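Residue numbers (this note's numbering), protein chains in the order written: chain A, 1 to 172; chain B, 1001 to 1172.
Using N, Cα and C, we set each Cβ at its ideal position, and we do this for glycine too.
The model shown is predicted, which means the values in this text are computed figures rather than measured ones.
Below is one structure; the comments refer to it alone.
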């Protein structure tokens, strides 16, 4: 139906598990990686993290997000995570730890996003793409969790990455 | 560009915060609700919940999910959550508690999903749509959290709803 810069849209004739056939709209996506950078020891009392505030046309506002972006052709998820971290925030990390991988919204897209946390982070200059408008913000992990609970963090992958890292890796 | 049964795709000329102009692919979606049903007291030791296993063409497999679906025209998120719970699992709930609302993947869609938990649940017969293939499965909340941690729960909204309810409502 459509093949574009980021996504393509197919309307597929699909066979369901019972053998019946139907039409399904499917947005094809190359997949993405996202990474939560820890600026202090994640084993510490209440570690400091970094988030971005990015302008999103879909939301007509700025959203708190973890650094993230699409896989380039042939790129592995961990290389993508390190690249997006560097491009969006200027940070480099000694270590990326994979958290999990989820389908963002499997009713209409095959997009999967690979979630990471980054430790041993060194800050530097960012190199944003021309259409990326974002600011970098540091905060305590406990504050980020409070923003998830209150709904001020409104991006799904960001809420999930923060809760996953805090609950299963940091123990906060 | 395309207007379909579930989604439509626009390629918009957008003005960015610095006044520059560019093209953006945007999947328009009516929004959705999802609900985690508690079969026992959520204040109890390790409450029992209900998940569905739904065939997803996007994943070419069955995914563990919370009952969920699209808002009908004019439908409020809580009415949608109760309807999807009833249609997909046959359950009715005395009480729906709103958890939070997130953008599923704001880089290319305006879809927002409203997350709920349901308590005081009575089980009954399900009424699935013709293209829904799913099974209902009960498990302890601790087991669901373990499946999120291990990555066996691969649906973003489901991982988020389970972690949010367990972390901020149940205290598990």
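Integer Cβ distance of residue i from residue j, believed to fall under 8 Å
i, j, result
"residue 1137(B)", "residue 1051(B)", "5 Å"
"residue 58(A)", "residue 1026(B)", "6 Å"
"residue 53(A)", "residue 149(A)", "Rounded, the Cβ-Cβ distance is 18 Å, inconsistent with contact."
"residue 1172(B)", "residue 1145(B)", "7 Å"
"residue 88(A)", "residue 119(A)", "At roughly 17 Å, the Cβ-Cβ gap does not stay under 8 Å, so residue 88(A) and residue 119(A) are not in contact."
"residue 100(A)", "residue 1151(B)", "5 Å"
"residue 163(A)", "residue 1163(B)", "4 Å"
"residue 968(B)", "residue 1064(B)", "Chain B is shown from 1001 up to 1172; residue 968(B) falls before or after that span and cannot be answered."
"residue 55(A)", "residue 1042(B)", "38 Å between Cβ atoms; not a contact."
"residue 1167(B)", "residue 167(A)", "6 Å"
"residue 1047(B)", "residue 1040(B)", "5 Å"
"residue 125(A)", "residue 90(A)", "5 Å"
"residue 141(A)", "residue 7(A)", "Contact flag wrong, Cβ pair sits at about 33 Å."
"residue 86(A)", "residue 92(A)", "6 Å"
Per-residue burial, residue i [other beta carbons within 10 Å of its own, 16 or more giving buried]
i, result
"residue 122(A)", "exposed"
"residue 1107(B)", "buried"
"residue 1023(B)", "exposed"
"residue 1112(B)", "buried"
"residue 110(A)", "buried"
"residue 1014(B)", "exposed"
"residue 1072(B)", "exposed"
"residue 102(A)", "buried"
"residue 21(A)", "exposed"
"residue 84(A)", "buried"
Test: residue i CB closer than 7 Å to a CB of chain C
i, result
"residue 1106(B)", "Any reference to chain C falls outside this structure, whose protein chains are A and B."
- Item | Contained beta strand (DSSP E) runs [length at least 3] in the stretch 1017 to 1042 of chain B, N- to C-terminal order | Within the stretch 1017 to 1042 of chain B, complete beta strand (DSSP E) segments of at least 3 residues are found at 1021 to 1028 and 1032 to 1037, given in chain order.
- Examine the Cβ distances between the stretch 28 to 38 of chain A and the stretch 64 to 72 of chain A and report whether three or more of them are shorter than 8 Å. yes
- Determine contact between the stretch 2 to 9 of chain A and the stretch 151 to 167 of chain A, defined as no fewer than three beta-carbon pairs at a distance below 8 Å. Under the three-pair Cβ rule at 8 Å, the stretch 2 to 9 of chain A does not count as touching the stretch 151 to 167 of chain A.
- Give, in chain order, every residue of the stretch 108 to 120 of chain A whose Cβ lies closer than 9 Å to some Cβ of chain B. 108, 109, 110, 111, 112 and 113
- Taking only runs of the beta strand (DSSP E) that begin and end inside the stretch 1043 to 1089 of chain B, which ones reach a length of at least 3 residues, in chain order? 1048 to 1056, 1061 to 1065 and 1068 to 1070
- What are the residues of the stretch 1032 to 1056 of chain B that lie near chain A, defined by any Cβ-Cβ distance shorter than 9 Å? 1032, 1054, 1055 and 1056
- Task: Residues of the stretch 1008 to 1025 of chain B with a CB closer than 8 Å to any CB of chain A: list them in chain order, please.
- Result: 1009, 1011, 1012, 1014, 1016, 1017, 1018, 1020, 1022, 1023, 1024 and 1025
- Message: For a minimum of 4 consecutive residues, which ranges assigned as the alpha helix (DSSP H) are wholly contained in the stretch 1117 to 1156 of chain B?
- Response: Counting whole runs of 4 or more residues, the stretch 1117 to 1156 of chain B contains the alpha helix (DSSP H) stretches 1141 to 1150.
- Chain-ordered residues of the stretch 1075 to 1104 of chain B with a beta carbon less than 8 Å from chain A: 1100, 1101, 1102, 1103 and 1104
- Message: Using 8 Å as the cut-off, can you tell me whether the stretch 114 to 121 of chain A makes contact with the stretch 76 to 94 of chain A, which would need three or more C-beta pairs spanning the two stretches below that distance?
- Response: For the pair of segments examined, the stretch 114 to 121 of chain A was found to touch the stretch 76 to 94 of chain A: the number of CB pairs separated by less than 8 Å reaches three.
- When you check each C-beta in the stretch 1136 to 1164 of chain B against every C-beta of chain A, which residues fall closer than 9 Å? 1145, 1148, 1149, 1150, 1151, 1153, 1154, 1155, 1156, 1157, 1158, 1159, 1160, 1163 and 1164
- Query: Which residues, in chain order, does the stretch 63 to 75 of chain A contribute to contact with chain B at a C-beta distance below 7 Å?
  - Reply: From the stretch 63 to 75 of chain A, only 63 have a Cβ closer than 7 Å to chain B.
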